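2 protein chains.
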Amino acid sequence: MKAKATLKQIALEFGVSISTVSKALSDSPEISEATKIKIQEYAALKNYKPNSIAKNLKNQRTNTIGVIIPNILNPFFAKVFSGIEKIALEKGYNVITGISNESFNKEQQVMDMLNNGTIDGFIVAIAEETQSLKEYKHFKDIINSGTPIVMFDRVADGINCDKVVVDDFDSAYDATTHLIKLGSKKIALLSTVNNLSVGKLRFEGYKKALTDAKMSIDEGLIVLETAIEDFDVKLQTLISSKKMDAVFALDEHSSTMTMRMALKQGIKIPQELNIIGFADGVWSRRLTPSLSTVSQHAPEIGAKAAELLIHKLNSKDEFYQPQTVVIKTELRKRESTRRL
Amino acid sequence: MKAKATLKQIALEFGVSISTVSKALSDSPEISEATKIKIQEYAALKNYKPNSIAKNLKNQRTNTIGVIIPNILNPFFAKVFSGIEKIALEKGYNVITGISNESFNKEQQVMDMLNNGTIDGFIVAIAEETQSLKEYKHFKDIINSGTPIVMFDRVADGINCDKVVVDDFDSAYDATTHLIKLGSKKIALLSTVNNLSVGKLRFEGYKKALTDAKMSIDEGLIVLETAIEDFDVKLQTLISSKKMDAVFALDEHSSTMTMRMALKQGIKIPQELNIIGFADGVWSRRLTPSLSTVSQHAPEIGAKAAELLIHKLNSKDEFYQPQTVVIKTELRKRESTRRL
DNA sequence: TGGAATTTAAAAAAACAACTTTAAATGAAT
DNA sequence: ATTCATTTAAAGTTGTTTTTTTAAATTCCA
Chain A
1 MKAKATLKQI ALEFGVSIST VSKALSDSPE ISEATKIKIQ EYAALKNYKP NSIAKNLKNQ
61 RTNTIGVIIP NILNPFFAKV FSGIEKIALE KGYNVITGIS NESFNKEQQV MDMLNNGTID
121 GFIVAIAEET QSLKEYKHFK DIINSGTPIV MFDRVADGIN CDKVVVDDFD SAYDATTHLI
181 KLGSKKIALL STVNNLSVGK LRFEGYKKAL TDAKMSIDEG LIVLETAIED FDVKLQTLIS
241 SKKMDAVFAL DEHSSTMTMR MALKQGIKIP QELNIIGFAD GVWSRRLTPS LSTVSQHAPE
301 IGAKAAELLI HKLNSKDEFY QPQTVVIKTE LRKRESTRRL
Chain B
1 MKAKATLKQI ALEFGVSIST VSKALSDSPE ISEATKIKIQ EYAALKNYKP NSIAKNLKNQ
61 RTNTIGVIIP NILNPFFAKV FSGIEKIALE KGYNVITGIS NESFNKEQQV MDMLNNGTID
121 GFIVAIAEET QSLKEYKHFK DIINSGTPIV MFDRVADGIN CDKVVVDDFD SAYDATTHLI
181 KLGSKKIALL STVNNLSVGK LRFEGYKKAL TDAKMSIDEG LIVLETAIED FDVKLQTLIS
241 SKKMDAVFAL DEHSSTMTMR MALKQGIKIP QELNIIGFAD GVWSRRLTPS LSTVSQHAPE
301 IGAKAAELLI HKLNSKDEFY QPQTVVIKTE LRKRESTRRL
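Right, dumping it as structure tokens:
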């Protein structure tokens, strides 16, 4: 464990001043070639790297982004994260990760802990609990303290900051409309995420599509239930009743559980039941039959969020107007859908 | 965007020195009660938080862990990460994430970038390319520079550092043995990860289990192919031949692809074909039939790695002997296996 | 009660590492 | 000897913590 090379250590080595070393390493014209060369060579040899903590302190910025994610095990967030990380690396930023675990307290705690100079700005998907409570004061405080926030996917209406969202309403509308065009007369709607902004928007899109197609909204075909156990019971009942010829599932659990229960009942997919769901693309392809999904372009969401934040950090514009960017979704038609 | 409260700012406010404020806030007995109270009250009012960058510079430590992961989209790594994050939060550490994308260069670059005071230590799963090249100099350099490393899952034999691994050999041995006990006579071995240390160990465990059971190792039942396209072609051929009654798949792709191709061919699982694979537990349960897997306790791996690193960071023991911790796996028997 | 000793409170300074700016010094040339 | 050009030294900046000094207040004893 040899001592790390610092300007001071190098200066001592050559009996010159710290500023001489600093200038030599930044290749300043003020320093003689001979001195520069010997110092630069020594620095390279010792693998000198400026201590970024010291630099950060001086510059009053850290080139670090804080990313607050409700649940890293959700592949959607993992993908968004990969998009953030990619852009961050390109722009020379580090990424500090905080997991809120869908908890309001932990979200607040983690963000507060990081908002002390550790990070320059936040990228956040709001925790479920926070969104249920509509408790957004901590976001306002952080923004007021001068730390910018970019929200993605789950956003807070009242907060004036950059946002990156998916067109949840439209994508649900389009998916439902697609099922109608395939000949479905009875489209069930399944959701365990109706407590989230995204879930509500998707539900609205579904209803609008039915209304526009002059189809009635059948409450008996709708299962909105946040508690997984209760949801599964209701879903089992619905599937056994065989009242529907298509399912639109708003989240991964309801999508996959529908497939599993239907296959167990011997219901043929897609011959007897069309299914479109929100789910991870890789795993949807691995199912048999493969699941048609609404692809949300998660990496692009992350990339865009990172770009917005870094742009804001680099601009000195006091009167910057926050914007909301909508990332288009795509309907990925796989084996779980076909003309009835 | 009001100015952040600093010691200096508070000192100026009361016309006292910076050190007085510092001591007052740390409730030092050197400061009179009256002074302490007024300063503490003011600090609370102004929501003063010590600038962690400055503290880090002074303390020569950042309470931040650098986690280098080959691919965050792999649920295994995401789960390990969640385990790391949990312990880190408990112990008051932040987590900076770097993704190597399985690339040697990026791994080196990211770690180098962070090893300048930004982080106190690393937790690393080695990139595939790094492991193929057996190029471990950067790890040695970092350790020599005084920054401890804990490796998990994919580890480098030649490097003297803490390691957290799964008993890949044993778990493969046990899984294979389980298939034998279920009555399998012809157990195929599929792997797209034979370029990784973990893949090789699992392969060895499979062979040992067969040998111990006095069964021959049939090269015609073994598909080792890193390129996904080539793998799929070979797998299709193997499955069409129907030469086996069981499959042991060493990674997620080969596990799921086997199920998919077999089901497409009308092969009944598990009646005609038993399958055990390495795969994500959540999604394995969602498959129909659900997939029996080797559960690797990923969060525990991450937690243990974080504990080892933080312990090392907090101990001043110059002669600390690095250890290798083995996390036990568990065979999760689901619908894809049963007595033949 | 006056002067010294001791306690107490607070201020000053140093350190962390990098970086910047200003001032000074050296050397050569005029 | 003076001027100019080139180097180098010194000092200040960031915010915190820790150590050292200084100043004031109190106690103690003669």
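These protein sequences, in sequence, are chains A and B. So for the first sequence, UniProt numbering puts the first residue at 1; every next one is plus one. So for the second sequence, UniProt numbering puts the first residue at 1; every next one is plus one. Where a beta carbon is used, it is the ideal one built from N, C-alpha and C, also for glycine. Computed from a prediction, not measured in an experiment: that's the story for all the values here.
Where residue i falls: helix, strand or coil (DSSP)
i                      : result
residue 1 of chain A   : Here the model assigns residue 1 of chain A a pLDDT of 48, short of 50, so the residue's position is not dependable and the matter cannot be decided.
residue 141 of chain A : helix
residue 32 of chain B  : coil
residue 21 of chain A  : helix
residue 224 of chain B : strand
residue 210 of chain B : helix
residue 216 of chain A : coil
residue 274 of chain A : strand
residue 336 of chain B : coil
residue 237 of chain A : helix
residue 319 of chain A : coil
residue 247 of chain B : strand
residue 205 of chain A : helix
residue 39 of chain A  : helix
residue 112 of chain A : helix
residue 105 of chain B : helix
Residue i: first and last residue of the uninterrupted beta strand (DSSP E) it sits in
i                      : result
residue 332 of chain A : 330-332
residue 188 of chain A : 187-191
Counted within 10 angstroms of its Cβ, other Cβ atoms place residue i as buried (16 or more) or exposed
i                      : result
residue 339 of chain B : exposed
residue 19 of chain B  : exposed
residue 217 of chain B : exposed
residue 319 of chain A : exposed
residue 242 of chain B : exposed
residue 205 of chain B : buried
residue 108 of chain B : buried
residue 262 of chain B : buried
residue 293 of chain A : buried
residue 163 of chain B : buried
residue 56 of chain A  : buried
residue 1 of chain A   : For residue 1 of chain A, the pLDDT reaches just 48, beneath the cut-off of 50, and the residue's location in the model is therefore unreliable, although a value from the coordinates is still provided. Exposed, since its Cβ has fewer than 16 Cβ neighbours within 10 Å.
residue 326 of chain A : exposed
residue 228 of chain A : exposed
residue 266 of chain B : exposed
Continuous alpha helix (DSSP H) stretch holding residue i: start and end
i                      : result
residue 77 of chain B  : 75-90
residue 261 of chain B : 252-264
residue 314 of chain A : 298-314
residue 180 of chain A : 168-181
residue 130 of chain A : 128-133
residue 101 of chain A : Careful: residue 101 of chain A lies outside any alpha helix (DSSP H) and carries neither H nor E.
residue 282 of chain A : 281-286
residue 269 of chain B : No alpha helix (DSSP H) contains residue 269 of chain B, which DSSP labels as neither H nor E.
residue 59 of chain B  : 52-59
residue 196 of chain B : Per DSSP, residue 196 of chain B belongs to no alpha helix (DSSP H) and is neither H nor E.
residue 383 of chain B : Residue 383 of chain B falls outside the range modelled here, since chain B spans only 1 to 340, and no answer is possible.
Closer than 7 Å at the beta carbon, the chain A residues around residue i
i                      : result
residue 81 of chain B  : 72
residue 322 of chain B : Within chain A, no residue comes near residue 322 of chain B; the closest Cβ sits about 14 Å away, beyond 7 Å.
Interface partners of residue i on chain A, CB under 8 Å
i                      : result
residue 53 of chain B  : 53, 56, 57, 62, 117 and 118
residue 332 of chain B : Per Cβ cutoff of 8 Å: no residues; residue 332 of chain B is ~17 Å from chain A at best.
One or two residues paired with residue i in a DSSP bridge
i                      : result
residue 341 of chain B : With chain B running from 1 to 340 in the structure shown, residue 341 of chain B is simply not present.
residue 68 of chain B  : B:98 and B:124
residue 293 of chain B : B:277 and B:332
residue 231 of chain B : Its beta-bridge partners do not exist; DSSP assigns none.
residue 324 of chain A : A:163
Where residue i meets chain B, residues with beta-carbon distance less than 9 Å
i                     : result
residue 85 of chain A : 72, 97, 98 and 99
Interface partners of residue i on chain B, CB under 7 Å
i                      : result
residue 78 of chain A  : 72, 73 and 78
residue 314 of chain A : Going along chain B, no residue has its Cβ under 7 Å from residue 314 of chain A, so there is no contact; the nearest lies around 16 Å.
residue 256 of chain A : 286
residue 263 of chain A : 288
Contact set between residue i and chain A, taken where Cβ atoms lie within less than 9 Å
i                      : result
residue 260 of chain B : 285, 286, 287, 288 and 290
residue 130 of chain B : Correct list: empty, because the minimum Cβ distance to chain A is about 17 Å.
Contacts that residue i makes with chain B (C-beta to C-beta distance below 8 Å)
i                      : result
residue 50 of chain A  : 116
residue 192 of chain A : In chain order: nothing, as chain B lies at least about 14 Å away.
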